[in-house]
Amino acid sequence: MKQYPKTYEDLYNIVTTKGKPHARIDKISSTFGSADVLASRFRSFYKEADVKLFDLYVKHTWLANQFVYDNQRKSHSGAMGFAFDWAYGYFMKSIVGVSQHIITSHRIFFAISSYFKELFPEFLKHDPFIDIEYYKFPFQNISLAHMMFVYAIVDHRMEMLRIAEEKAMSYADFVNWVVNYIFCYNDEVGETVYELAFCISTWPQVRNNRLTKKWREEICNFEI
């Protein structure tokens with residue numbers, strides 16, 4: 018992956034376009050008496066939350082891939098056809114008695130689960146309810162938010178995450194670094210391959226205009 022010099026303005030900074038700060042950092046504190054104490058508490062909380070959410074996504078995906086209708090196993094890539102999808106919906110809502118949407122409805126579920134084929138090459142051969150070690154959250158210093166932001170940069174996303182992990186980049190630092198990369202890359206190839214999308218999620222993420230339905234199928238389908 019090419020490293021570009023700093024060219025573009027940071028997405029996350031404390032300065033407005035008029036050069037005046039949004040707020041003064043020295044006024045930030047907490048009821049604990051220090052902003053650092055609150056930051057530490059938040060950091061611990063989200064580290065635990067990432068591990069738990071990742072585990073839920075793995076387990077749901079694995080269980081869903083055990084569903085079979087008319088000798089066809091469920092794929093993770095999306096719609097399977099009207100009859101199959103109806104049968105799966107009926108199975109979940111009427112036989113299981115729940116809706117999967119509490120886990121799957123947000124875009125982050127697809128984004129994070131799209132990594133499973135890369136992270137766990139033998140995804141269907143290990144039971145995540147038993148082989149817990151195999152499906153451990155793969156990072157110590159970065160979060161699901163980092164993974165979400167770059168999931169569409171399919172050629173370099175794992176390298177980007179490894180660099181962020183090694184340097185323990187904060188989310189803001191990571192986003193600023195990636196933003197500079199995608200715009201420099203677009204300039205180099207003379208095409209808007211990557212862009213920032215703000216309307217399809219509750220936070221910005223990179224959109225890849227070269228992604229196709231075929232990629233979705235390839236990245237999400239597991240070998241039986």
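The sequence shown begins at 18 in my numbering and counts up by one.
The beta-carbon is built from N, C-alpha and C at its ideal position, and this holds for glycine as well.
Item	Value
Same chain, Cβ closer than 7 Å to K23, neighbours up to 5 away in sequence not counted	N197
Delimiting residues of the beta strand (DSSP E) encompassing K56	The displayed chain sequence assigns Ala, not Lys, to residue 56. That residue, A56, is in no beta strand (DSSP E); its alpha helix (DSSP H) goes 52-81.
Any alpha helix (DSSP H) of 4 or more consecutive residues that is wholly inside the stretch 100-145	118-121, 124-130, 133-136
M177 versus M97 - alpha carbon distance	32 Å
7 Å Cβ cutoff met for H163 and F140	no
Outcome for I170 when other beta-carbon atoms lying within 10 angstroms are tallied against a minimum of 16	buried
CB of A128 within 7 Å of CB of Y168, strictly	yes
Those residues which DSSP pairs with E212 across a bridge	R224
Nearest neighbour of A181, chosen from E208, S130, Q157 [CA to CA]	Q157
Helix, strand or coil at Y202 according to DSSP, with G and I counted as helix	helix
Opening and closing residue of the alpha helix (DSSP H) in which M164 lies	161-167
C-beta atoms of I199 and Y188 nearer than 7 Å	no
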